[in-house]
Amino acid sequence: MIFLPRQEPFICEHCRTSVVPLKHGTYRNHCPTCLWSKHVDSEGPGDRSSTCGGMMAPVSLDFRSKKGWILIHECEKCGKRVPNKAAPDDDLTCFSKEER
Numbered sequence: 001m002i003f004l005p006r007q008e009p010f011i012c013e014h015c016r017t018s019v020v021p022l023k024h025g026t027y028r029n030h031c032p033t034c035l036w037s038k039h040v041d042s043e044g045p046g047d048r049s050s051t052c053g054g055m056m057a058p059v060s061l062d063f064r065s066k067k068g069w070i071l072i073h074e075c076e077k078c079g080k081r082v083p084n085k086a087a088p089d090d091d092l093t094c095f096s097k098e099e100r
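At position 91 of the sequence shown the residue is numbered 91 (my numbering), and the sequence of numbers has no breaks.
Put into structure tokens, the structure is as follows:
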């Protein structure tokens, strides 16, 4: 798997939040407000080679002892599932709100 570091601001296509890059050497690929992402990578983070372009819903949340909270995104268009490390400013309460 390849990893191409990218620090790019973007507008979330799900909730329209203006998303700024993270600092301190970490990278963001999802909205911190609604946790949605977009299917733009194919072979690895940052490659931007996917032709799918579907929206990726945050479908589950997992805790891994060495990496912390991991979001699982699923593409609504092609069904691909991808794990993504949660960022410090992510609103993880989205999951508890949906369970009510």
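Where is the CB? At the ideal position from N, CA and C, for every residue including glycine. From a predicted model like this one, the values you see are computed outputs, not experimental measurements.
Worksheet entry | Bridge partners - histidine 24, DSSP secondary structure assignment | Histidine 24 pairs with nothing; no bridge assigned.
Worksheet item: To the nearest angstrom, how far is it from the Cα of proline 83 to the Cα of isoleucine 72?
Response: 4 Å
Worksheet item: cysteine 75 and histidine 39: beta carbons closer than 8 Å?
Response: Yes; because the gap between Cβ atoms is below 8 Å, this pair is in contact.
Fill in: arginine 81 - containing beta strand (DSSP E), residue span
81-85
Discussion item. Please classify histidine 24 as buried or exposed, where buried requires at least 16 other C-beta atoms within 10 Å of its C-beta.
Written reply: By the 10 Å Cβ count, histidine 24 comes out exposed.
Discussion item. Using only the alpha-carbon positions, how far apart do glutamate 99 and phenylalanine 10 sit?
Written reply: Low confidence applies to glutamate 99: its pLDDT is 48, below 50, so where it sits in the model is not reliable, and the reading given next is rough at best. Whole-angstrom Cα-Cα distance: 28 Å.
Practice prompt. Write down the C-beta distance between methionine 56 and tryptophan 69 rounded to the nearest angstrom, noting that I regard them as a contact closer than 8 Å.
Written response: 17 Å between Cβ atoms; not a contact.
Worksheet entry | Closest by C-alpha distance to lysine 67, when choosing among Ala86, Thr51, Lys77, Thr17 | Just measuring C-alpha positions, the residue of Ala86, Thr51, Lys77, Thr17 sitting nearest lysine 67 is Ala86.
Discussion item. Considering only their Cβ atoms, is the gap separating cysteine 34 from cysteine 94 smaller than 8 Å?
Written reply: yes
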